[in-house]
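All remarks here apply to the structure that follows.
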Amino acid sequence: MEVSNNQSQNSMDTLKEKLQQQFPEIVHIVAYDDMEDFDIEIREGTVGPPFVKAVNAYLKKFILDCGDPETSYNFSIQRGTELIDILRYN
Numbered sequence: 739m740e741v742s743n744n745q746s747q748n749s750m751d752t753l754k755e756k757l758q759q760q761f762p763e764i765v766h767i768v769a770y771d772d773m774e775d776f777d778i779e780i781r782e783g784t785v786g787p788p789f790v791k792a793v794n795a796y797l798k799k800f801i802l803d804c805g806d807p808e809t810s811y812n813f814s815i816q817r818g819t820e821l822i823d824i825l826r827y828n
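One rule links them: number in this note's numbering = place in the sequence shown (from 1) + 738.
Printed below as a string of structure tokens:
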């Protein structure tokens with residue numbers, strides 16, 4: 739079955755770029771080869787809880803639409819050397 743452009747643009751492979759476009763507070767994202775583990779670095783001065791809440795809502799929908807239901811996804815959110823939160827899905 740051929741994958742349409744729309745589907746390929748919404749795959750987990752595009753998540754890193756989509757997060758950076760959606761959230762200007764993100765200064766750096768490392769997406770590991772398996773596309774299951776991500777480290778997100780946010781700007782100094784970003785208030786953690788509102789940012790985490792917004793990212794959580796975005797990721798839940800994105801993973802529901804584009805992720806593999808059998809896969810566990812992990813997102814570590816840091817500000818400098820401070821761990822803000824770890825979000826896990828599936």
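Glycine included, each C-beta is placed from N, C-alpha and C at the ideal position.
Per DSSP, reduced to three states, the secondary structure at residue 755 is helical.
Going by DSSP, residue 828 is part of no alpha helix (DSSP H) at all; its letter is neither H nor E. Residue 796: member of the alpha helix (DSSP H) spanning 786-804, first to last residue. Less than 8 Å separates the beta-carbon of residue 780 from that of residue 789. Only buried fits residue 763, as 16 or more other CB atoms lie within 10 angstroms of its CB.
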